[in-house]
Each structure stands twice: as structure tokens, then as C-alpha cells.
Amino acid sequence: MSISIELQTVLHSNSALSWHEHSEQWLQIMCPAEQLPTLTRYLLEKEEAEFATLLVEELADQENLTVHYLFYLPATGKLIELKVAVKAGAELPAISDTVHAADWHEREAWDLYGLRFSGHPFLGDFVLHDDDWPEGIDPMRRQFDGSKRPDAHGTGAEWAPPRLLQEEGAIVFPIGPVWGDFNESGLWLLETPGEQIRYLHTRLFYKYRGVEKIAEGRTVDQGLLLAERFAGASAFAHGWAYCQALEQIGACQPPPRAEQLRMVFAELERIRHHAANIAEIAGSTALSVAKALAQGIVEDLLRLSARLCGHRYFFGVLTPGGLREDLNTDALEILHNNLPAIDQRMRALEQHLEESSSFLDRIEEMGTLDSQMAKTYGVVGPIARASGRNIDLRRNLPYGQYGFLAPDVPLEEEGDGYARLRVFFAESRISVKLILDLLAFLPDGPIHSPCPVREGHALAWVEAPSGATFHWLRCTADGLITRLRLGTPGFRNWHAFERAIEGAAFQDFPIILATWGLSVAENDR
Amino acid sequence: MSFWPYYGLKRGISTTSWPDGEEDSVGITPGRPRATQSLHPEESAAQCPTQALRVVKQQETSEHGVAVDFSRCIHCQRCRTGSHALPWSRDFAWGASTASAQPVLGSRFSASLHVLYIDAGACGACVNEVRLVDAPPYNLHRLGIFVTATPRNADVLLVAGPITDAMRTAILKAYAAMPAPKRVMGMGTCAINGGIFGESFACAGGLEKIIPVDLWLPGCPPPPLAIIHGLLSLVGRVAPASLEEQP
Ligand code: SF4
Ligand code: SF4
Numbered sequence: 000m001s002i003s004i005e006l007q008t009v010l011h012s013n014s015a016l017s018w019h020e021h022s023e024q025w026l027q028i029m030c031p032a033e034q035l036p037t038l039t040r041y042l043l044e045k046e047e048a049e050f051a052t053l054l055v056e057e058l059a060d061q062e063n064l065t066v067h068y069l070f071y072l073p074a075t076g077k078l079i080e081l082k083v084a085v086k087a088g089a090e091l092p093a094i095s096d097t098v099h100a101a102d103w104h105e106r107e108a109w110d111l112y113g114l115r116f117s118g119h120p121f122l123g124d125f126v127l128h129d130d131d132w133p134e135g136i137d138p139m140r141r142q143f144d145g146s147k148r149p150d151a152h153g154t155g156a157e158w159a160p161p162r163l164l165q166e167e168g169a170i171v172f173p174i175g176p177v178w179g180d181f182n183e184s185g186l187w188l189l190e191t192p193g194e195q196i197r198y199l200h201t202r203l204f205y206k207y208r209g210v211e212k213i214a215e216g217r218t219v220d221q222g223l224l225l226a227e228r229f230a231g232a233s234a235f236a237h238g239w240a241y242c243q244a245l246e247q248i249g250a251c252q253p254p255p256r257a258e259q260l261r262m263v264f265a266e267l268e269r270i271r272h273h274a275a276n277i278a279e280i281a282g283s284t285a286l287s288v289a290k291a292l293a294q295g296i297v298e299d300l301l302r303l304s305a306r307l308c309g310h311r312y313f314f315g316v317l318t319p320g321g322l323r324e325d326l327n328t329d330a331l332e333i334l335h336n337n338l339p340a341i342d343q344r345m346r347a348l349e350q351h352l353e354e355s356s357s358f359l360d361r362i363e364e365m366g367t368l369d370s371q372m373a374k375t376y377g378v379v380g381p382i383a384r385a386s387g388r389n390i391d392l393r394r395n396l397p398y399g400q401y402g403f404l405a406p407d408v409p410l411e412e413e414g415d416g417y418a419r420l421r422v423f424f425a426e427s428r429i430s431v432k433l434i435l436d437l438l439a440f441l442p443d444g445p446i447h448s449p450c451p452v453r454e455g456h457a458l459a460w461v462e463a464p465s466g467a468t469f470h471w472l473r474c475t476a477d478g479l480i481t482r483l484r485l486g487t488p489g490f491r492n493w494h495a496f497e498r499a500i501e502g503a504a505f506q507d508f509p510i511i512l513a514t515w516g517l518s519v520a521e522n523d524r
Numbered sequence: 000m001s002f003w004p005y006y007g008l009k010r011g012i013s014t015t016s017w018p019d020g021e022e023d024s025v026g027i028t029p030g031r032p033r034a035t036q037s038l039h040p041e042e043s044a045a046q047c048p049t050q051a052l053r054v055v056k057q058q059e060t061s062e063h064g065v066a067v068d069f070s071r072c073i074h075c076q077r078c079r080t081g082s083h084a085l086p087w088s089r090d091f092a093w094g095a096s097t098a099s100a101q102p103v104l105g106s107r108f109s110a111s112l113h114v115l116y117i118d119a120g121a122c123g124a125c126v127n128e129v130r131l132v133d134a135p136p137y138n139l140h141r142l143g144i145f146v147t148a149t150p151r152n153a154d155v156l157l158v159a160g161p162i163t164d165a166m167r168t169a170i171l172k173a174y175a176a177m178p179a180p181k182r183v184m185g186m187g188t189c190a191i192n193g194g195i196f197g198e199s200f201a202c203a204g205g206l207e208k209i210i211p212v213d214l215w216l217p218g219c220p221p222p223p224l225a226i227i228h229g230l231l232s233l234v235g236r237v238a239p240a241s242l243e244e245q246p
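As you go down the protein sequences, you meet chains A and B in turn.
Mapping to numbering that gives the first Met the number 0: the first sequence position 107 is 106, numbers consecutive.
Mapping to numbering that gives the first Met the number 0: the second sequence position 43 is 42, numbers consecutive.
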């Protein structure tokens, strides 16, 4: 295994650590809890590791809970897992003071597994809302029956976060959970002395469907239906990550044609996702013609998708081992002929927007996440790339055939609303080009290889339209899911959103929100 | 100087003429399976992961067929192709009255219907489709249907998603605050029975578990024109469809 000499030295000089190569790419380090902070710091500072996700497992035959801390090295594409065993109800040292991106993960693990993290300042009311959910019941624990609501109830008291702003006349202005015309549910409390937003408290998980819990005990086949549907605007990306996990477990290699067509669908989804974000950005600044033009593009892409594969959102296109159906020559030609026109419309829209100074005024220097913050929070996807973080799993941890056909990664430095808009446009253009390249060299052949169901576990990933998504799957030999972890870009990026709001004017909240383009469904799961 | 009006005009009118005219543009709907006579109904029905397909055997004629329960269909497309495929329609008139539906709202509302949308755990697909009803290709306003953000102005409560627990209170409050006469529409298979998420510790698994519902709109997701069909059928401007189809 090609890990750095320093890391080898760390491993050999520390008798408390043992390790194991799960695969050529994946190094698993069994780590005693007390070593966790040091090792994490080492990985971050010396190896420039990126945090992928954190997950807890409670395996039937084991007394302890297992916590997997998953990292990857963007330079070499290695996965590094720190694996820690902990007694239920016990405490682990928090790593979120080093890896700030793990902050929400630790809060989630407390809420759902009752795992405490020493040194973590905000455990409590997070996924499970205290007004609604009875205290002391940890729904992800094995003994909890996920099929029905527990009999006990929550406190019933309305949630009130600590007020940070003490000056006279300061108010807390709530937005949500039901707000605006067609918005996703969530609650945002803006603390303001009048004009300027000083602090934002985000309360999500109004849409918590307990997907990771209800997946347990279902068949791996049902798991795919869930993976496609928990965040349907990125259905293909999440479905693909899930299929890759099953394919790893079954040692199945999808045929090249299937791999390339998967890339075609994934890039189409990215363009449509970004166009929908652009429509929302235009709409938030009351630029109705621009919004209408962007929505026209979204609708035409949805129709194109339905023509290609029967479904406007790519549901039911994937199957473990490849694709359910091939694209025939007609479909490929339709795609080939329609895409350039859509690209032209996107470019024209971008140009018109660039010429609208009143529009630019509203998104420039708005909702800024500077590069330091972006790094601290480990944001992913277009948000990261708009803040100077040069990271994209298609290139840093290639899957499918991205290793051979790595797309360009557009990079902006400012981290404001305008930078994000530019990234959305640039990525759409790059995706169009990538699809046309893929179509030009599409190999013939089958679109499916058999994918046997086996006992095992795997970590798979996809650069979803909104950023890196990591799916962990463990299943039994009969194809029943024992653990499905969805480490989504929404969960990662919402965490940083509060930082971009502070100091903004009150009326800019919806605009900033639109330029972030975050999915609540993807966060809440 | 703003050229936006010009850019808009240049694009031309893209709005559908439905319901006055026909609409069959490709891709406007995913379509859905049709009930059918079949020599191998068991094989066809077995493809469905959600038991939306049922084998029907007629005693007298010994003819066999497959019935479709749209309230369970999650558009997985498994019955669309292959040797046991069912025929698929390309329609979108999917809104279906519930068993407890109140009478249609009638002409007083036919040019002024106000809708409040609540997201109760919908995935991005239902959210995106509902956003598009307002877009030029569909243009809800031309039909005298308006979206409102407050329950006090709302005639119709439109709910999507499997009814997550944390959204129960908001739905109950909004429903109570709406003036009579009011109607409720559950959108997407999730709203009908929880869809792929079902009933669980986190979801009620169906809007009817918490408030009375007048109209179900099956589909995963129902496309924009299906949403419009549902709203128009609440007023009585178009005929509702059925939630089941027999061979
Ligand atoms: S498309 Fe609908 S009816 Fe057909 S198999 Fe899938 S869920 Fe069943
Ligand atoms: S009905 Fe289907 S598309 Fe709509 S929210 Fe549910 S899973 Fe998503």
C-alpha cells in the first residue's frame, strides 16, 4: 500500500494501533478511543486528509458499538478509516474541534445512538426535536422498533435556542417551517437588532424520514428504491453510489457501456440540478424573465430525460451491475441533437445575467463563505469550488470511468453568491461537453453484468450535483440490509450556511439561501 | 437599460393549451402502467416491488388480467419493459377523489382558487414538479389558480411527502386556520400511504392519518400537469380519474 512514510512510522511506533488493509485502496486502523484526537489531527495536518463521513454501527453479534471515522486523501485517492469500539451509552472524545465538519455528525450520533462526545458544546435537539420526541429513546439502536411511533411523547414545549443577541430592541425573526410558495420545510431563526442579521439558528430535520433506520431489514433491492427517492432531485447520483456499494460487495464490474451511460445520466442530472438552482436565484431577486428562461431549460431537460429513460428524474434507470435498459440509437441521437441547443440557452442566460448590473448587485459579496471557512467546515460540491476549494470526487477519488475522462473543475475564489452562480454555469457547460465526448466514444456491448448478493460491507461515493455523497452499506448473505449510511452533501453544506448569513441584511436571506441551492430533503434523510 | 422583456418575448409562448386543447408532448409525463388482460398475469404482477399490480381472475370467462393500484405505484418502471411488460399510458389526468371527498368547490372558485403548499417530507422530485406548475410551460395563473403563503387565504391545502412527525403540528395548524369551504389534496404516492417510506417511527405514512383528504394525486412524482389536473378536479372543471384500474 502506498501510504506515506510518516504514516507508516506513526503506525509502527504506536503499539496501541493495529491496522488492516480492507482493500488496496482502503486502510483500516483500529484505534483506541483516547488516541482518536491525536490521530485525527495527524491525518488532517500532516496527510491533508478530507473527512468523508462518520457512522455508527451496532452489529448483532457484538456487545459494543463501532464508530467508523472515514477519511480520504485527495492527492492519492486512499481511504483511511479509524475504527473505534465503544460501549453503548459511553463517551467518546469529540473530534469536531479538529474536524469541524464532524460537528453535525457527532450531534446526530448523540441523538440517534445516544453516544456522547466529550467536549462537544451542543448535544441535544437536532435530528429529533425535543418538543416531539421522548427523551432517552435512541431510534437507531437495534432494540428500537422503527415500524411505529413510541408511545411516549416529547416535552411539547416550543423550541427556543439560546439567544445570543442581548441588546435592547433585538428580535428573533422566525422563517418557517412552512414558508413562501413552494419551499422545503425547515426553520430559520434570524437574530437581528433591526436591519442586519447577526446570528442565524437553523433547525432542520422537519423532513426526517428515518431512511437509515427503515432501510434496516429491508432487501438490498428495496434499498435502491430508497436511495433513489430520499433526495429525488439527485436521484441518479444517490442511486449510483448505492449501486456501487452493492457492486463492491458482489465483486461485480459493470460493463464499459453501462459505466459510460451512467456518466451521461449523472451529468444530465447535474445540468438540470444547476439550472433549477439558477432559476431559484433569479426568482429570489424578482428577475422573473430570467427565472422563466431557466425554468424552461429545466422543463426541457426533464422532458429529454423522460424521452431517454421513461422517467423525468431517472427513477428506475439503475440496477446493480449496470443499467436496466440500454439507450438505443434514436435516443442517443435525440440527446446529441438537443444538448447543444440547451447549452446555447444556458450560455445566453448567463450572458444576460452578467449584463444585468442590478442583479449582480444583489448577489455580489452576498452570503460569502471565505476559503478559510470553507476549509474549516469541509464544504463540498459547487459551494466548495466557489470558495476556492479545489475538490471534486470525480477527480480526487475517481469512480466509474471518470479516471479516464476527468472533467475540468471550475474554481472561483470569492465565495459569494456571484461566484456560486458562475460555478453553476461553468459546471453545466463542462457537463454538456463531457456528455458529448462520452457519446462520441460510447462502446458497444452489454449494459449489465450479474451482481451477486453477498454478505459484506462497502463504502461507495459519487460527486452528486451538490457535492460528495458517501454511501456505506452492510448486508447479509440473504441480501438484507443491516446498515445503510447516507453521508450526503446537503448534511455537510447546511452546517456552514449559518456562517454565510451573519452580517447580511434581513431582506437578503432568501437570495443567499437561493445562491447556496441546498436541499433539505438531502440533509434530513 | 433592461432587455429582459425582449429576451422573454424572443423565447415565444411555451405554455400548454391543456385543458382546453390536447397535450401530448413527449416527456411531459412519465406515463403509467395500464391494467390489462394477460396470459401470464402472475409474472407481470411479480415484477412490482410495492404490490401495485394484482392478478385478477374472472370466474365465468376464465380470462386473466392484471389490475393496477395507482396509490401504490412508485414509478420504478420495472413493469414498463421486458417480456412481461404492461402497456403504459402517456396520460397525466391522475387526480382521484377519495372515499370521503366533499363535493366539488364549484364555479365560485373556478377563476380564483388559492393553494397553500406544505412540504411534509417530500423528496426533491415532488418539490421540483410542484415548483414548475408556476413556470411558463404550465402557467398556473392562466387558470385562475394562485399560490398563497398563508392558510387564511387558502382554499386548498396541497401536501406532499410521507407526513413526517415534525410536520404534523404545522399541517394541523394550517388546516384549522383555513376558512371553509376548504379542500385537501395529497400529492405523490408518499402522501397517500407513505410510498417507499411507509409508516414508521418518523412518518405517519399518509395524510389521511391526520386530516380528512378530498383528492389523491398518485405518481412518484406526479408531473406538473397532473398537479393541475388535481387542482382543477377539486373545483369541478375536469373529471377526476380513478385510483385503480381493472383489466
Ligand atoms: S412502475 Fe409502478 S406498477 Fe410498475 S412495477 Fe413499478 S411500482 Fe409497480
Ligand atoms: S411521491 Fe415519490 S417523488 Fe414524491 S416525495 Fe415521495 S418519493 Fe419523492
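Note that the Cβ used here is the ideal one computed from N, Cα and C, for glycine as well.
All of these numbers come straight from a predicted model, not from anything done at the bench.
Cβ-based neighbour list, R269 (chain A), same chain, cut-off 6 angstroms, excluding 5 preceding and 5 following:
S430, P464
So with CB distances below 7 angstroms, who are the chain A contacts of R151 (chain B)?
Those within 7 angstroms of R151 (chain B) in chain A number zero; the least Cβ separation is about 13 angstroms.
Under 8 angstroms Cβ-Cβ, which residues of chain B neighbour H104 (chain A)?
Under the 8 angstroms cutoff, chain B gives no residues; its nearest Cβ is about 19 angstroms from H104 (chain A).
Assign H19 (chain A) to one of three DSSP states: helix, strand, or coil.
Strand.
Interface partners of R270 (chain B) on chain A, CB under 9 angstroms:
The first residue shown for chain B is 0 and the last is 246, placing residue 270 (chain B) beyond what the model contains.
Looking at the strands, I want to know which residues DSSP matches up with K77 (chain A).
A:L72, per the DSSP bridge assignment.
Is the distance from the Cβ of F424 (chain A) to the Cβ of E349 (chain A) below 8 angstroms?
yes
Limits of the unbroken beta strand (DSSP E) element including F50 (chain A)
49–56
Using only the heavy atoms of ligand 1, determine whether one of them is closer than 7 angstroms to the beta carbon of H74 (chain B).
yes
Taking 7 angstroms as the cut-off, is the beta-carbon of I195 (chain B) closer than that to any non-hydrogen atom of ligand 2?
At least one heavy atom of ligand 2 falls within 7 angstroms of the beta-carbon of I195 (chain B).
Complete runs of the alpha helix (DSSP H) confined to the segment 77–115 of chain A [at least 4 residues]:
102–112
With a cut-off of 8 angstroms on the beta carbons, I'd call S304 (chain A) and H272 (chain A) a contact; round off their distance for me.
S304 (chain A) to H272 (chain A), Cβ: 12 angstroms. No contact.
Name the chain B residues that come within less than 7 angstroms of R208 (chain A), Cβ to Cβ?
G120, P161, T163, F196, A201, C202
Check E454 (chain A) in the structure and name its three-state DSSP category.
coil
What residues match up with F172 (chain A) in a beta bridge as DSSP calls it?
A:L189
Do E497 (chain A) and L199 (chain A) have their CB atoms nearer than 8 angstroms?
yes
Can you tell me whether R140 (chain A) sits near ligand 2, meaning its C-beta is under 7 angstroms from at least one heavy atom of the ligand?
no
CB E56 (chain A) to CB L69 (chain A), shorter than 8 angstroms?
no
For Y5 (chain B), count neighbouring Cβ atoms within 10 angstroms of its own Cβ and tell me buried if that reaches 16, exposed if not.
exposed
Would you mind reading off the limits of the alpha helix (DSSP H) that contains P328 (chain A)?
As written in the sequence, residue 328 (chain A) is Thr, which differs from the Pro given in the question. Segment 328–353, the alpha helix (DSSP H) holding T328 (chain A).
Members of the segment 169–194 of chain B near chain A, C-beta cut-off 8 angstroms:
When C-beta distances to chain A are compared with 8 angstroms, the residues of the segment 169–194 of chain B below that value are A169, A173, G194, in chain order.
If I follow the unbroken alpha helix (DSSP H) through M29 (chain A), where does it start and stop?
Unbroken run through M29 (chain A) is the beta strand (DSSP E), 25–29; no alpha helix (DSSP H).
Cβ of P220 (chain B) within 7 angstroms of any heavy atom in ligand 2?
Because some heavy atom of ligand 2 lies under 7 angstroms away, the Cβ of P220 (chain B) counts as near it: yes.
Go through its chain and collect everything with a Cβ distance to D137 (chain A)'s Cβ below 7 angstroms, but skip five positions before and after it.
L111, Y112, G113, F143
Closer than 7 angstroms between beta carbons: that is the criterion. Which residues of the segment 76–87 of chain B meet it against chain A?
Q76, R77, R79, T80
Whose C-alpha, out of B:G160, B:G185, B:P40, B:I191, is nearest the C-alpha of L230 (chain B)?
Among B:G160, B:G185, B:P40, B:I191, the Cα nearest to that of L230 (chain B) is on B:G185.
Measure the CB-CB distance between C308 (chain A) and V297 (chain A) and report whether it falls below 8 angstroms.
no
Paired residues, beta bridge with G486 (chain A) - DSSP:
A:F469
For the segment 1–20 of chain B against the segment 281–295 of chain A, do three or more pairs of beta-carbon atoms, one drawn from each stretch, fall closer than 8 angstroms, so that the two count as touching?
yes
Which ranges would you report for the beta strand (DSSP E) in the segment 28–83 of chain B if only whole runs of at least 3 residues count?
Those beta strand (DSSP E) runs which fall completely within the segment 28–83 of chain B and span 3+ residues are 52–56, 63–68.
Could you check whether the Cβ of K432 (chain A) sits closer than 8 angstroms to any Cβ belonging to chain B?
Answer no: the Cβ-Cβ gap between K432 (chain A) and chain B never drops below 8 angstroms.
Below 8 angstroms on the Cβ atoms is my guess for I117 (chain B) versus V177 (chain A); work out the distance and round it to an integer in Å.
5 angstroms
Leaving out five residues before and five after N492 (chain A) in sequence, what residues of the same chain have Cβ atoms less than 6 angstroms from its Cβ?
V378, I382, L517
6 angstroms CB neighbourhood of C251 (chain A) in its chain, flanking five on each side removed
G320, S448, C450
Count the other CB atoms within 10 Å of the CB of E167 (chain A); is the residue buried (16 or more) or exposed (fewer)?
exposed
Against P149 (chain A), what residues of chain B qualify as contacts under a CB-to-CB distance less than 9 angstroms, listed in chain order?
Per Cβ cutoff of 9 angstroms: F200.
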